[in-house]
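Chemist: Once you've had a glance at the structure underneath, I'll fire off some questions.
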Amino acid sequence: MSENPVQLVLQGLCKVSDCIQTNLSRFFPRPDDPSSSLPRNKTPLLTLSTPTHLRQPDQILNKGKSSGPTTKEDLGRATWTFLHTLAAQYPDKPTRQQKKDVKELMEILSRMYPCKECADHFKEVIRANPVVVGSHDEFSQWLCHVHNVVNRSLGKVVFPCERVDARWGKLECEQRACDLQGTAAMDFTK
Ligand code: FAD
Numbered sequence: 000m001s002e003n004p005v006q007l008v009l010q011g012l013c014k015v016s017d018c019i020q021t022n023l024s025r026f027f028p029r030p031d032d033p034s035s036s037l038p039r040n041k042t043p044l045l046t047l048s049t050p051t052h053l054r055q056p057d058q059i060l061n062k063g064k065s066s067g068p069t070t071k072e073d074l075g076r077a078t079w080t081f082l083h084t085l086a087a088q089y090p091d092k093p094t095r096q097q098k099k100d101v102k103e104l105m106e107i108l109s110r111m112y113p114c115k116e117c118a119d120h121f122k123e124v125i126r127a128n129p130v131v132v133g134s135h136d137e138f139s140q141w142l143c144h145v146h147n148v149v150n151r152s153l154g155k156v157v158f159p160c161e162r163v164d165a166r167w168g169k170l171e172c173e174q175r176a177c178d179l180q181g182t183a184a185m186d187f188t189k
């Protein structure tokens, strides 16, 4: 019996699709595929079951660092960058919620900072120097001061706090989309 031409076309397409899948699986083997050429204990970096947005070349996964563990110094620099950038963007007239959040953030940091000796020391530092959060100037100067307390304890150079705004600016974001909104006048949550 002669076959329907549409069926013939569909069968042809299925063969092409099988061929593509077979060839792709050579590049992106599934970890559980017994015919895979990968050793059993090696999970391939990319598999067909990996969602597209998670497929990353090796050099991107390790971007900017060697594969060694994060050091106390790396962590410190990253954390100070985060804190001073936050202070640079902290509004001149913060809302009551923003003041509360910054105080809580410092408290949490002194408990959860992932270097116990640093966290314990920082707890003492903020006990002796309570967080000042009334305005951008107050908070950035306070942060500069406590960073200097840590610097001194580590035998590092003390930073001139009058230069803190020159050293740490707001995050570069188009149309100031990263700025924190402030002004107590607009705060209806109180
Ligand atoms: P960092 O001190 O990390 O400073 C980064 C950059 O900030 C500097 O290059 C400079 O440009 C600028 N800077 C320096 N001082 C100031 C300032 N006062 N104000 C504004 N900008 C400044 N390490 C320990 O070994 N023991 C600890 O107990 C300890 N406690 C820490 C507590 C906290 C909350 C944090 C965030 C870090 C702590 N660290 C601790 C890490 C330590 O402070 C440094 O981050 C680390 O030693 C790397 O130092 P660094 O010389 O590269 O510059």
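The opening residue of the sequence shown carries number 0 in numbering that gives the first Met the number 0; numbering runs sequentially from there.
For glycine and all other residues, C-beta sits at the position ideal for the given N, C-alpha and C.
Indicate, with yes or no, if the ligand FAD has a heavy atom lying under 8 Å from the CB of E173.
Modeler: No - the ligand FAD has no heavy atom lying nearer than 8 Å to the Cβ of E173.
Chemist: Buried or exposed: where does C143 fall if 16 or more other Cβ atoms within 10 Å of its Cβ makes it buried?
Modeler: Buried.
Chemist: Ends of the alpha helix (DSSP H) at E171?
Modeler: Element bounds for E171: n/a, residue is neither H nor E.
Chemist: Out of curiosity, what's the CA-to-CA distance linking G168 and G67?
Modeler: One C-alpha to the other measures close to 30 Å.
Chemist: Take V124 and list the residues in its own chain whose beta-carbon comes closer than 7 Å to its own, dropping the five residues that flank it on each side.
Modeler: Once the five neighbours on either side are set aside, the close Cβ partners of V124 are V145, V148 and V149.
Chemist: Less than 9 Å between the C-beta atoms of K92 and V130, yes or no?
Modeler: It is not a contact, given that the beta carbons lie outside the stated cut-off.
Chemist: The alpha helix (DSSP H) with T94 in it runs from where to where?
Modeler: Neither: T94 is in no alpha helix (DSSP H) and is coded neither H nor E.
Chemist: Please state the DSSP three-state secondary structure of K155.
Modeler: Coil at K155, not helix or strand.
Chemist: Going by beta-carbon coordinates alone, are A118 and L108 separated by less than 9 Å?
Modeler: Going by C-beta atoms, A118 is nearer than 9 Å to L108.
Chemist: Would you kindly check if the distance between the Cβ of A86 and the Cβ of F158 is under 9 Å?
Modeler: It is not a contact, given that the beta carbons lie outside the stated cut-off.
Chemist: Tell me whether V131, by its Cβ, gets closer than 8 Å to a heavy atom of the ligand FAD.
Modeler: Incorrect: V131 has no Cβ contact closer than 8 Å to the ligand FAD.
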